[in-house]
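J.: Handing you a structure now.
In my numbering, the protein residues as written are 102 to 596.
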């Protein structure tokens, strides 16, 4: 169904794809794995018509194709669900799902038919509970991802490309995605599945293609390989230990952040929790559990209706993110594209967004001091490429995430809130991130880490808070919990 031969692509004279060769049949699920910057995103953009290849051949059903535009790719039955959300925030779910193909009657949009069709597509994908009439901007990132998948299914694709589709899905939602993929495979659809979650790759893929430095490094079946070998092929090195060994925090513990009876009507209620110096506290919950809304209120981005927030033991009222930053809080949001970065600005300008006043000299920005501080931080986090002048839009997802983290670390926070910090980040880069978090907590920082990844939320934390339908239902030590316990409590079942 799809064949690539010698596909090459360069940006500004720097080649990022050095000659990609592979083929795939209908009814196959091909997993594409690779480190950040390996060339996966460029390859996907070429296949969906968003970027033109410089050399090489692409054939669909044995016929050479140009793929000169997204519409040309769509006409061939190629649809893509991108890692970064592409919904129009002001439009409804129905309008997004049927964008460009709304049913009409007598020259006007037939809204009853449109909503019914959108509802049917959401049911087809298995993502129930999404209101077709709701504006996309009011949905959580996870539900927006569900809408993206339904939108891709609207045209009955023959080749479906999924770029990190599970990054914000967990539990039943993730299993439903796998059921959809299996049904598409049975219908003869070719699925290209890009993911950094290797346990998923091993479960769902028929073949695994590893890309490293713009070339195919290995191709195998799940039966022929294992997660450790895939990591070695991706990173060029073995990773002996993914999560740093956690240790006992200082005694007596020093409370950095705490809440008592915190409530946001309709989102969460009566949340009482704490984060201590030198501690990583995980937050786990399914879509709609209120975990992201809790983080937004802690950071002053949303008001609370009741309860108390304490910093270093003192009650505070945080009415804006500015006040939260001044109080020593930092917040890496789950949607780096929408609320973490200004994509058309450079690495330098993005990394300094939270600390511009630091380099203010007589009302002017001291570029020399700014550049030196940001260069040190981006080098520490291994942001690639090294140039600070590059628009952040041109970086891989993992390197964009490092720029967001650099922005907040430059503000020297006391408490760092991380919402899905490893979304779209490869295994090797995750190891670097976990080590950075470990170093920060050794220096006395407190970390609140929200994650849908059960392995991560257990491996990288000291304690885990579990939320269910807006309530905090468990607070357990990570070394005394397992995935079954967290899942059970997250769906309201006593473990």
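Even for Gly, the Cβ is constructed at its ideal location relative to N, Cα and C.
Given the structure is predicted, the values throughout are model-derived calculations rather than measurements.
(1) In chain order, what residues of the same chain lie with their CB nearer than 7 Å to the CB of residue 485, ignoring the 5 residues before and after it?
(2) Pairing CB atoms from the stretch 541-558 with CB atoms from the stretch 417-428, are three or more of them under 8 Å?
(3) Just to confirm my understanding: we take residue 506, look at its own chain, exclude 5 residues before and 5 after, and list those with CB closer than 7 Å. What are they?
(4) Quick one: complete beta strand (DSSP E) runs, 3+ long, within the stretch 174-259?
(5) Please list the segments of the alpha helix (DSSP H) lying wholly inside the stretch 497-564, counting only runs of 4 or more residues, in order along the chain.
(6) What does the Cβ neighbour count give for residue 165, buried or exposed, with the cut at 16 atoms within 10 Å?
(7) How do the stretch 547-566 and the stretch 509-521 stand: do at least 3 beta-carbon pairs fall below 8 Å, yes or no?
(8) Give the secondary structure of residue 124 by DSSP, where H, G and I count as helix, E and B as strand, and everything else as coil.
(9) Please tell me whether residue 384 and residue 392 are closer than 7 Å, where the distance is taken between their beta carbons.
(10) Can you give me the start and stop residues for the beta strand (DSSP E) that residue 416 sits inside?
(11) Hey, how far is the Cα of residue 360 from the Cα of residue 375?
(12) Run through the stretch 102-146 for me and flag every whole beta strand (DSSP E) of 3 or more residues, listed as ranges in chain order.
(13) Any idea which residues DSSP pairs residue 321 with across the strands?
(14) Inspect the CB distances between the stretch 269-276 and the stretch 173-192 and report whether three or more fall short of 8 Å.
(15) Among all the DSSP beta bridges, which residues are the ones paired with residue 461?
(16) Going along the chain, which residues of its own chain have a beta-carbon closer than 7 Å to the beta-carbon of residue 244, five neighbours each way excluded?
(17) Which residue or residues does DSSP assign as beta-bridge partners of residue 375?
(18) Quickly, what does DSSP pair residue 365 with across the bridge? List them, please.
(19) Tell me whether residue 490 is buried or exposed, calling it buried when 16 or more other Cβ atoms sit within 10 Å of its Cβ.
(20) Under a Cβ-count criterion, where at least 16 other Cβ atoms within 10 Å of its own Cβ denotes burial, should residue 462 be classed as buried or exposed?
T.: With the structure as the only source:
(1) 138 and 500
(2) no
(3) 433 and 482
(4) 179-182
(5) 498-510, 528-543 and 555-560
(6) exposed
(7) yes
(8) strand
(9) yes
(10) 415-417
(11) 6 Å
(12) 103-112, 115-125 and 130-135
(13) 309
(14) no
(15) 466
(16) 231 and 388
(17) 359
(18) 369
(19) exposed
(20) exposed
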